[in-house]
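This report refers to the structure that appears directly beneath it.
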Amino acid sequence: MAIKSYKPTTAARRQMTVTDYSQLSKVAPEKSLVESLKTNSGRNSYGRITVRHRGGG
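Mapping to this note's numbering: the sequence shown position 34 is 345, numbers consecutive.
What follows is the structure, given as structure tokens:
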């Protein structure tokens, strides 16, 4: 990834830089290689609710 820098048309633009994402792939990842993230619904490693108002349905 490259860093895009702007021409100094204003004082703020003089220091402005952004990441250029044009070289990254826009194709969706291969389905067989992707693993879903497991959500814990506010439970800790013991299975107890530690964060209120999460999950339940």
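Glycine included, C-beta positions come from ideal geometry on N, C-alpha and C.
Since the structure is predicted, the reported quantities are computational estimates derived from the model, not experimental observations.
Among the options, the one whose alpha carbon lies nearest that of residue i
i, options, result
"residue 334", "313, 359 and 357", "313"
"residue 330", "315, 359, 350 and 338", "315"
Simplified DSSP assignment, three categories, for residue i
i, result
"residue 318", "coil"
"residue 354", "strand"
Nearest-angstrom Cβ-Cβ length linking residue i and residue j, presumed shorter than 8 Å
i, j, result
"residue 347", "residue 365", "So it is not a contact: roughly 18 Å between Cβ atoms."
"residue 324", "residue 317", "5 Å"
Which full runs of the beta strand (DSSP E) of 3+ residues lie inside the region 322 to 350, going along the chain? 328 to 331
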